[in-house]
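Numbers 1 to 158, taken from the working numbering, label the letters of the sequence shown in order.
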Amino acid sequence: MGTTSLVAWIALAVSGFSFLFNVIGFYRSRAKDLFSLRQEVLTKAEKTRSCWARSIQNNKSLIHKAEVNNRLEPELRAMLINFLGSHQEFLEQCDADASAFAKDVYENGAKFTESKCREYLRMLDPNLEVFERTGGVAERKYIELMERAEAAGRMSSV
1 MGTTSLVAWI ALAVSGFSFL FNVIGFYRSR AKDLFSLRQE VLTKAEKTRS
51 CWARSIQNNK SLIHKAEVNN RLEPELRAML INFLGSHQEF LEQCDADASA
101 FAKDVYENGA KFTESKCREY LRMLDPNLEV FERTGGVAER KYIELMERAE
151 AAGRMSSV
């Protein structure tokens, strides 16, 4: 029967502690990565919500400008207000979706796993792309209609 030297036991203890510290360091690193991922989801969710809310305010401003524009012929003004109103409905639906999404992230974000964070990021990116594509559409249409009406002489000189 062999005996194990004290040096071997010390070496085993040192390697065991070293392994333990590496495992703890690994989990701390993963926890930091997960925290960063959760923060990214939270930031993008809030950015999406605020972008849609800002678009709604811009669209409301355009609707008001169209309503008080007495220089534009009544049927053109009605067409413009109708377009802006339907665009407003689209924006409000997008804002409602983004707000519900952001609320879910605020309430449950601390419980998200890495896979859930990545899934939410995959869902948020297309929403931001839709915003970027539709951003400024109403304003461009408003300006285009005003320019066309002025060029066609369909604006009064009041």
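The C-beta atom is built at its ideal place from N, Cα and C for all residues, glycine as well. Here the structure is a predicted model, which means the values were calculated and not measured.
Does residue i come within less than 8 Å of chain C when only Cβ atoms are used?
i, result
"K65", "Included in the structure is just one protein chain, with no chain C present."
Which same chain residues end up closer than 6 Å to residue i when comparing Cβ atoms and leaving out the 5 residues on each side of it in sequence?
i, result
"F167", "Residue 167 is absent from the structure shown; the chain starts at 1 and stops at 158."
"F131", "C51"
Which one of the options has the shortest CA to CA distance from residue i?
i, options, result
"E114", "F19, R30, T3", "R30"
"E119", "Y106, L37, A13, K32", "L37"
"R122", "D33, E40, L34, Q57", "E40"
Is the CB-CB distance between residue i and residue j below 8 Å?
i, j, result
"A66", "L42", "no"
"A138", "L62", "yes"
"Q88", "N69", "no"
"R154", "L76", "yes"
"L145", "L91", "no"
"S55", "G109", "no"
Starting from the C-beta of residue i, find all residues in its chain whose C-beta is less than 8 Å away, skip the five residues before and the five after it, and write them out in chain order.
i, result
"K47", "L128"
"H64", "none"
"D33", "E114"
"Y142", "L62, K65, A66, L80, L84"
Residues in the same chain with beta-carbon distance under 7 Å from residue i, minus the five sequence neighbours each way, listed in chain order, please.
i, result
"A98", "T48, R49, W52, N127"
Helix or strand or just coil, what does DSSP make of residue i?
i, result
"R148", "helix"
In chain order, each beta strand (DSSP E) run of at least 3 residues that lies wholly inside the segment 2 to 39: None, since the segment 2 to 39 contains no complete beta strand (DSSP E) of that length.
Secondary structure, alpha helix (DSSP H): runs of 4+ residues fully inside the segment 65 to 133: Counting only runs of 4 or more, we get 74 to 108.
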